[in-house]
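Quick note on numbering: the sequence shown equals residues 30 to 380 in the numbering used here.
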Amino acid sequence: MRKSHPVRRAVLAGAATVSGIVLLLSLKPASDPGSAQAAGQAPPAAAGQAPQGGVNGAVTGDAAQTQYGAVQVRLTMSNGKITQAEAVQAPKGGRSDQITASSVPRLNQAVVAAQGAEIDAVSGATYTSVGYKKSLQSALDKAKASAGAQQGSGDAQTLTGDVAQTQYGPVQVRVTVAGGKITKAEAVQAPKGGRSDQITASSVPRLNQAAVAAGNADVDAVSGATYTSAGYKKSLQSALDKAPAGGGSSQAAGSGGGQAAPQTLTGTAAQTQYGPVQVRVTVTGGKITKAEAVQAPKGGRSDQITSSSVPRLNQAAVAAGNAQIDAVSGATYTSAGYKQSLQSALDQAGG
């Protein structure tokens, strides 16, 4: 047998090595974590991210109740990006003042950095952080619904009403509007515990059906469930008020036909030292044509202050066209609550 020449063996080994390298380079991994970005494809959006749809203006989340008080978040958005986050309500009084002053600015900064609700709780402010994130998520939900409405009027919108407080517990309604009609209504909060469980189980499904059938908040109260029915109708109306102008039918939005149909917007209830203040405005052609307080402090001296100050605040809102109005002398708390609720109503119109 002839022995292989050493030089020949070296040449053959080198050729085999080169062939192997060429084969390895020609095979791409089945899964390349960076391939989507390298090809110019955006990674899938995570839950809780800011909606990308050219959303502009301010949007205010629902107030989240915590053990130490309400937390409510307002976002300012530009072309779908969060440019500012602020807490328009936060726990106050006693040690809460210190915790709020320390934690809220950090939460605000975290939202802008994360561009969504995926933020860490602040150490030592667990309740405030949880309430903040809950209200933040509801603001993002509203912005997402608004973005969807802008993309196509035929798309379904989900609108969540403000929480209506009743003698037996809160009631909050969420509706789905598609093609200008209410296609679904549900109570995301309702009185519970004791006899309330039975009343809720009996009345809420009937109220849901009535809302879909009527297409608006003009539904009859369920016998034996007066408080639940009243709270349901109030929250339902606030949900319909949030439908963007032109994004729903006159039936769902509660307006008649016409080129510049009036839009009714109900602000979030602002808690004051003497009771809640909640403002409803009518906007036509981009102008406030009517302002009214659907809630205001009452009882004792509050009755006199309310009857004197609220009409003047209503007039000032129409005259100014925004929430930059002067407080009424002798009604500091009512004025502050009025302006806060008025601003949240205007936020829903993106103005």
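All residues carry an ideal CB built from backbone N, CA and C; glycine is no exception.
All figures in this text were calculated on a predicted structure; none of them were measured in a lab.
ask   = Over what stretch of residues does the alpha helix (DSSP H) that includes Lys327 continue unbroken?
value = Counted as a single uninterrupted DSSP element, the stretch harbouring Lys327 is not any alpha helix (DSSP H), since DSSP gives it neither H nor E.
key: Distance, Ala242 Cα to Ala207 Cα   = The straight-line gap from Cα to Cα measures roughly 14 Å.
message = Output needed for Thr95: all residues of its chain with C-beta closer than 6 Å, excluding positions within five of it in sequence on either side, in chain order.
response = Hits under 6 Å: Tyr156, Gly160.
ask   = Should Gln369 and Gly296 be called a contact, given that it needs their Cβ atoms to be closer than 9 Å?
value = In contact: Gln369 and Gly296 (Cβ atoms closer than 9 Å).
query = Quick one: what's Thr105 bridged to in DSSP?
reply = Thr105 has Ala87, Gln113 as its beta-bridge partners, per DSSP.
key: Cut-off 6 Å between Cβ atoms - residues of its own chain near Lys162, not counting five sequence neighbours on either side   = In its chain, beyond the 5 residues on either side, Ala146 have a beta carbon closer than 6 Å to the beta carbon of Lys162.
inquiry  = Going by the DSSP bridge assignment, what does Glu321 pair with across the sheet?
reply    = Partner(s): Arg309.
ask   = Considering only residues of the same chain and omitting the five flanking positions on each side of Gly366, which have a CB-CB separation below 6 Å?
value = Listed in chain order, the non-local C-beta contacts of Gly366 below 6 Å within the same chain comprise Ala299, Thr301, Val306, local neighbours out to five positions each way being set aside.
task = Using alpha carbons as the reference points, say which of Gln101, Gln266, Ala114 lies closest to Lys121.
result = If we check each option's Cα against that of Lys121, Gln101 comes out closest.
request  = Count the other C-beta atoms from every protein chain shown that fall within 10 angstroms of the C-beta of Asn108, then say buried if there are 16 or more, exposed otherwise.
outcome  = Exposed.
query = Which one or two residues does DSSP pair with Gly122 in a beta bridge?
reply = According to DSSP, which records beta bridges pairwise, Gly122 is partnered with nothing at all.
key: Between the CA atoms of Gly260 and Gly223 - distance to the nearest angstrom   = Taking the CA atoms as reference points, Gly223 sits about 19 Å from Gly260.
ask   = Within 10 angstroms of its Cβ, does Ala142 collect 16 or more other Cβ (buried), or is it exposed?
value = Counting Cβ neighbours within 10 Å, Ala142 comes out exposed, since fewer than 16 surround it.
message = Buried or exposed, going by whether 16 or more other CB atoms sit within 10 Å of the CB of Gly244?
response = The Cβ neighbour count for Gly244, taken over all protein chains shown within 10 Å, is at least 16; the residue is labelled buried.
key: Endpoints, the alpha helix (DSSP H) within which Pro199 is located   = From DSSP, Pro199 is part of no alpha helix (DSSP H) but of the beta strand (DSSP E) over 198-207.
key: Backbone secondary structure at Lys221 - three-state DSSP   = Residue state, collapsed to three classes: coil.
query = From which residue to which residue does the beta strand (DSSP E) around Thr297 run?
reply = For Thr297, no beta strand (DSSP E) encloses it, and the DSSP letter there is neither H nor E.
query = Leaving out the 5 sequence neighbours to the left and right, which residues in its chain are closer than 7 Å to Ala352 when beta-carbon positions are compared?
reply = Counting only residues of its own chain and dropping the five nearest sequence neighbours on each side, Ala352 has a CB closer than 7 Å to the CB of Lys368, Leu371, Gln372, Leu375.
task = Could you name the residues that DSSP lists as bridge partners for Thr189?
result = In DSSP, Thr189 forms a bridge with Arg203.
key: Continuous alpha helix (DSSP H) assignments of at least 4 residues falling wholly in the segment 118-175   = When DSSP assignments are scanned along the segment 118-175, the uninterrupted stretches of alpha helix (DSSP H) that are 4 or more residues long and fall wholly within it turn out to be 124-143.
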